[in-house]
Amino acid sequence: PAPEVSAESFGHAGFTGTFIWADPKNQLVFIFLSNRVNPTRKNRNLYELRIRQALQQVFYRALKN
518 PAPEVSAESF GHAGFTGTFI WADPKNQLVF IFLSNRVNPT RKNRNLYELR IRQALQQVFY
578 RALKN
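Here the sequence shown is numbered in the working numbering, starting from 518 and rising by one per residue.
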């Protein structure tokens, strides 16, 4: 998770790259729908580029502003 995530947060990451995260302390719910296995199961860009973590940071930083 992003460094700004509170200790009360929880979530689940799915096999195809989907990601659901809730942070009650910051009143934030984050749902990321994706299909990592398209066009092939060997597609690792979602993990290697750390896209889900980067999006989390964007949302938490937006809350501060």
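Ideal Cβ positions, reconstructed from N, Cα and C, are used throughout, including at glycine.
Because the structure is a prediction, the values reported are computed rather than measured.
Judged by DSSP in its simplified three-state form, Val554 adopts coil rather than helix or strand. Shown here, Val575 sits in a helix according to DSSP, grouped into three states. Within the same chain, and ignoring the five residues on either side of Asn552 in sequence, the residues whose Cβ sits closer than 8 Å to its Cβ are Thr533 and Gly534. Cα atoms of Asn582 and Leu563: separation of roughly 27 Å, rounded to the nearest angstrom. DSSP places Leu545 in the strand class (E or B) of the three-state scheme.
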